[in-house]
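Asks: Attaching a single structure in structure tokens format; questions to follow.
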Amino acid sequence: MPHGREIFRAGNADLGELHQSRWQWLEEVAGPAVALPTEYPDGYHVPQHRHSRSQLLHALVGVVLVTTRHGRWMVPPDHAMWIPAGIEHSVEMLGDVSMRSVYVMPGAIPGLPDGLRVVGITELMHSLIVESEKLPQGGELEGRGGLIMNLLLHEIPTLPERPLGLPFPSDPRLAALCRRFVAAPSPHATIDEWADAAGMSRRSFTRAFQRQTGLSLSTWRQQACLFAALPRLADGEPITRVALDLGYDSVPAFITMFKRMLGSSPRGYMRGEGVRRPSVPARLEGPVA
Numbered sequence: 001m002p003h004g005r006e007i008f009r010a011g012n013a014d015l016g017e018l019h020q021s022r023w024q025w026l027e028e029v030a031g032p033a034v035a036l037p038t039e040y041p042d043g044y045h046v047p048q049h050r051h052s053r054s055q056l057l058h059a060l061v062g063v064v065l066v067t068t069r070h071g072r073w074m075v076p077p078d079h080a081m082w083i084p085a086g087i088e089h090s091v092e093m094l095g096d097v098s099m100r101s102v103y104v105m106p107g108a109i110p111g112l113p114d115g116l117r118v119v120g121i122t123e124l125m126h127s128l129i130v131e132s133e134k135l136p137q138g139g140e141l142e143g144r145g146g147l148i149m150n151l152l153l154h155e156i157p158t159l160p161e162r163p164l165g166l167p168f169p170s171d172p173r174l175a176a177l178c179r180r181f182v183a184a185p186s187p188h189a190t191i192d193e194w195a196d197a198a199g200m201s202r203r204s205f206t207r208a209f210q211r212q213t214g215l216s217l218s219t220w221r222q223q224a225c226l227f228a229a230l231p232r233l234a235d236g237e238p239i240t241r242v243a244l245d246l247g248y249d250s251v252p253a254f255i256t257m258f259k260r261m262l263g264s265s266p267r268g269y270m271r272g273e274g275v276r277r278p279s280v281p282a283r284l285e286g287p288v289a
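Counted from 1, the sequence shown has number 113 at position 113 by full-length UniProt numbering; the numbering is strictly sequential.
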């Protein structure tokens, strides 16, 4: 398998085998970074797996949900998720997804992130990723190709982190409350209610939740609401319906939360994402996620 890009068609009985062969190719290919494009249909699920390379998983078009034992992360268009080497993860497609992934050898350059995170993709990084997929994959590149891959690697540590992660606490009581909230998010749940349900004092609860997730309960709940809202907004649902379904008393209250978390209104955010179309004709390719 010279390049790891075999084309498949939905329903192919050998799809699982193809996954394994492409992952094996990634383990064997040389070079500090490898860039691969993949097109996925709505609802496609890539089972849990891991790589010896770190992965910058970029959603060029569509929304992706990445799940690990550490939590769940939403990757909307023009964002990417950094998945460190060795982290087991599964990937779910919310809508048709045009994915561009860069697989990076650990220690390829200093300063690469050491934890899971969702990042915004700058115009420069977008262009570098699109160009990188056209280059020969594997081995050291020279000339223009080498400059592109080198600059791409150096841009990764500078990408702005976005609050689209949803880490789960390790305490089973707290994790159960989080799963219940994700199933039916609401902005009105209080710390006291969560603490009582967990059988803890308010102080013990807040300390445990912060220690185990790295977030306050308030911030965690807002991010959970964003998780519920983004796929629906991406599908074109009215902002009013999404806001009221999530339990917000008014659309302005929902928009205020959205602006505080993501820096713009829902409409402006989705429009600002650009939802760029891939520079090559869409096709179903053998998935590596």
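We put the beta carbon where it would ideally sit given N, CA and C, even for glycine.
Tell me, to the nearest whole angstrom, how far the beta carbon of A228 is from that of L244; I am working on the premise that it is less than 8 Å.
Replies: That belief does not hold up - the Cβ atoms of A228 and L244 are roughly 12 Å apart, past 8 Å.
Asks: Express the C-alpha separation of Q223 and E133 in angstroms, rounding to a whole number.
Replies: Distance between the alpha carbons of E133 and Q223 is about 32 Å.
Asks: Reducing DSSP to helix, strand and coil, say where V251 ends up.
Replies: In this structure, V251 counts as helix in the three-state DSSP scheme.
Asks: For a quick check, are the C-beta atoms of residue 317 and E92 less than 9 Å apart?
Replies: Here the chain has residues from 1 to 289 only, and residue 317 is not among them.
Asks: Can you find the residues in the same chain that come closer than 6 Å, C-beta to C-beta, to R117, ignoring five residues on each side of it along the sequence?
Replies: Answer for R117: W82 and E161, listed in chain order.
Asks: Thinking just about the alpha-carbon of each residue, which of E131, L94 and F181 is nearest to the one in H45?
Replies: The shortest Cα separation from H45 among E131, L94 and F181 belongs to L94.
Asks: Going by DSSP, name the residue or residues bridged to P167.
Replies: Paired residues: G71.
Asks: Mapping DSSP to helix, strand and coil, what is A59?
Replies: Strand.
Asks: The alpha helix (DSSP H) spanning G120 covers which residue range?
Replies: Not the alpha helix (DSSP H): G120 falls in the beta strand (DSSP E), residues R117 to G120.
Asks: Can you grab the Cα-Cα spacing for the pair Q212 / A176, in whole Å?
Replies: For Q212 and A176, the distance between alpha carbons rounds to 14 Å.
Asks: Using only the alpha-carbon positions, how far apart do E131 and M74 sit?
Replies: So the alpha carbons of these two residues sit roughly 25 Å apart.
Asks: Which residue comes first and which comes last in the beta strand (DSSP E) that contains R100?
Replies: R100 -> beta strand (DSSP E) spans H89 to V104.
Asks: What are the boundary residues of the alpha helix (DSSP H) that includes I239?
Replies: Per DSSP, I239 belongs to the alpha helix (DSSP H) from I239 to D245.
Asks: Given C225, which residues of its chain have a CB within under 6 Å of its CB, disregarding the five upstream and five downstream residues?
Replies: Around C225: P185 and L246.
Asks: Less than 9 Å between the beta carbons of I109 and L147, yes or no?
Replies: Going by C-beta atoms, I109 is not nearer than 9 Å to L147.
Asks: Kindly indicate the opening and closing residues of the beta strand (DSSP E) around T38.
Replies: Segment A33 to Y40, the beta strand (DSSP E) holding T38.
Asks: Tell me which residues share the same chain as P37 and place their Cβ nearer than 6 Å to its Cβ, disregarding the 5 neighbours each side in the sequence.
Replies: These residues qualify, in order along the chain: R100 and E133.
Asks: Start and end of the alpha helix (DSSP H) containing Q210?
Replies: Run containing Q210: R202 to T213, per the alpha helix (DSSP H) assignment.
Asks: What span of residues does the beta strand (DSSP E) with V46 cover, start to end?
Replies: Here the beta strand (DSSP E) through V46 covers H45 to H49.
Asks: Under three-state DSSP, which class holds E123?
Replies: Three-state DSSP puts E123 in a helix.
Asks: What are the start and end residues of the alpha helix (DSSP H) that includes H154?
Replies: First-last of the alpha helix (DSSP H) with H154: G143 to E155.
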